[in-house]
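Numbering (my numbering), first residue to last: 1264 to 1729. As structure tokens, the structure follows; a few thoughts come after it.
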Amino acid sequence: MERGEKIKALLASATARDAVCICGWIRQKRISKGIIFFNINDGSCLAGIQAVADESLTGFEELKKLAIGSSVRVRGRLAESPGQGQKYEIQAMAVDIFGDCDEDYPLQKKKHSFEFLRSIAHLRMRTNSFGAVFRVRNAAAYAIHEFFQENGFYYIHTPIITGSDCEGAGEMFHVTTMPLESIPMTRSASGAMGVDFSQDFFRTHAGLTVSGQLEGELFAMALSEIYTFGPTFRAENSNTPRHAAEFWMIEPEMAFYDLDDNIALAQRFIKQVTARVRDRCSEDLAFFAERIDPTLMDRLDAIDRHDFEVLTYTNAVRLLKESGKAFEFPVSWGMDLQTEHERYLTEELIRKPTFVRDYPLEIKAFYMRRSDDGRTVGAMDLLVPRIGEIIGGSQREERLDVLKEMIRSKGLDEAVYWWYIDTRRFGTAPHAGFGLGFERLLQYLTGMANIRDVIPFPRTPGNCEF
Ligand code: 4AD
Ligand code: MG
């Protein structure tokens, strides 16, 4: 069928022409002096195009009744517009109606809150704000692949169903085909009752992945530089504007990198992705700066202009203590930094993206490389204003004996990780990697305050509709 041109392409190349054709949805309609003015949008860009129909048009009376939200194809002449607000308009010569719109269509003219729009997530992408969000999301995903592909990294698909809890934090969703109303139980050697996973589909406990890192590491031990980009799942019960139960993560993993190399790569990566998105989504970002977050452009400029700060955890704790600020969680060495601390550091003290490195061993995952001081590990988090942590990463423990000790000391079962431990026996090598939370990056790039508003269909505690 004839789909015609995308409105974005039409507006970009506009010169008066006799025959153009577009398809889209009616955003606005106005009738004045026997002429109908439609604003039609096809989602290809923020702007729609105005189509003008007069009485000479076949089906004019039907068009007059056509509701906002209806879908149409317009053929006509592209001409300079005498009206305000647009350079060109389409003087309609034929309008085909694909679908009329019922009168309870919720996206009538008036503004809606983001909360309300979440409850109609099947339609919210038809609004200016969410059209822009999802175009930026697309551009960011593309720019991320570009960065790694241009730098010789291989894209690896790590499993979504897995038996291993990478972070060891016990936040996996279970995957089972056992009948929920009568889960088979069994007595273990120690006499305790537990679920009899031998009767389950995989004959073992399985869950949705919380991170592709461990499998990514195996590939880095063969292809040197790899990345993953896929969905991850965490059953943590955090109802915050920065946590989702299903989110996307980008996890590069590199053999022959130490923590400094890891930090340098992460900085280059964020800078390039930001620059490309700005290049390709300037109109959408300008919209966010105007409507959502007036500080957006300054923050994005700062990414481009300055190197990110690098701070040890120990120094971060010292700065927080010296600040004299009354935090809800008082600061002491050994604690995990809370969002309030991360935001104070990046928003008030340092005022730019900041890597915090060398965290206490006790609060970090088993795979991070133990430092010579015996109290810290080679971890790094990237903290940014307004959001806090967007990247978590580390140099990995490549020494077999230390790794086993770490697994035991975290109360984990060595047997479960046998394949991971094997890489430390068969040609181990220093390596490092990090994970970027894709939605948190999008929050940073758009200024959207809530993670639910940068995911097509957010999954959070109590929410799994659509
Ligand atoms: O810091 P995290 O837990 O690190 C890892 O998963 C490592 N395995 C990564 C690696 O080294 N390969 O998570 C990484 C990032 C966080 O910095 C955050 O941006 C995001 O993932 N993230 C979440 N985003 C949304 N909702 C959640 N519940 C998130 N949990 C983590
Ligand atoms: Mg983290």
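C-beta: ideal position from N, C-alpha, C; glycine also. Please read these numbers as outputs of a predicted model, since none were measured by experiment.
What I want to know is whether the C-beta of residue i ends up closer than 6 Å to one or more non-hydrogen atoms of the ligand 4AD.
i, result
"residue 1434", "no"
"residue 1512", "yes"
"residue 1641", "no"
"residue 1462", "no"
"residue 1497", "yes"
"residue 1431", "no"
"residue 1352", "no"
"residue 1476", "yes"
"residue 1651", "no"
"residue 1506", "yes"
"residue 1715", "no"
"residue 1571", "no"
"residue 1226", "Since the first residue shown for the chain is 1264 and the last is 1729, residue 1226 is missing from the structure and cannot be characterised."
"residue 1632", "no"
"residue 1720", "no"
"residue 1492", "no"
"residue 1688", "no"
"residue 1703", "yes"
"residue 1297", "no"
"residue 1697", "yes"
"residue 1725", "no"
Starting from residue i, follow the alpha helix (DSSP H) in both directions and report where the run begins and ends.
i, result
"residue 1382", "1377 to 1382"
"residue 1568", "1559 to 1568"
DSSP state of residue i, grouped into three classes?
i, result
"residue 1423", "coil"
"residue 1596", "coil"
"residue 1626", "helix"
"residue 1538", "helix"
"residue 1523", "helix"
"residue 1300", "strand"
"residue 1728", "coil"
"residue 1361", "strand"
"residue 1666", "helix"
"residue 1656", "strand"
"residue 1490", "strand"
Do you know how far the Cα of residue j is from the Cα of residue i?
i, j, result
"residue 1415", "residue 1328", "57 Å"
"residue 1513", "residue 1700", "7 Å"
"residue 1642", "residue 1480", "16 Å"
"residue 1395", "residue 1547", "5 Å"
"residue 1300", "residue 1379", "29 Å"
"residue 1476", "residue 1495", "11 Å"
"residue 1550", "residue 1465", "49 Å"
"residue 1363", "residue 1270", "21 Å"
"residue 1543", "residue 1686", "41 Å"
"residue 1493", "residue 1552", "29 Å"
"residue 1410", "residue 1557", "28 Å"
"residue 1335", "residue 1279", "22 Å"
At a cut-off of 6 Å, would you count residue i as near the ligand MG, judging by its Cβ distance to the nearest heavy atom?
i, result
"residue 1655", "yes"
Go to residue i, then tell me how far its beta strand (DSSP E) extends in each direction, as first and last residue.
i, result
"residue 1699", "1694 to 1700"
"residue 1292", "1280 to 1295"
"residue 1312", "1312 to 1317"
Using 8 Å for Cβ pairs, my map puts residue i next to residue j. What's the rounded Cβ distance?
i, j, result
"residue 1583", "residue 1619", "Not quite, the Cβ-Cβ distance comes to about 11 Å (not below 8 Å), so this is no contact."
"residue 1720", "residue 1272", "Not really, about 29 Å apart at Cβ, beyond 8 Å."
"residue 1463", "residue 1440", "7 Å"
"residue 1703", "residue 1508", "Not really, about 15 Å apart at Cβ, beyond 8 Å."
"residue 1316", "residue 1358", "6 Å"
"residue 1355", "residue 1320", "6 Å"
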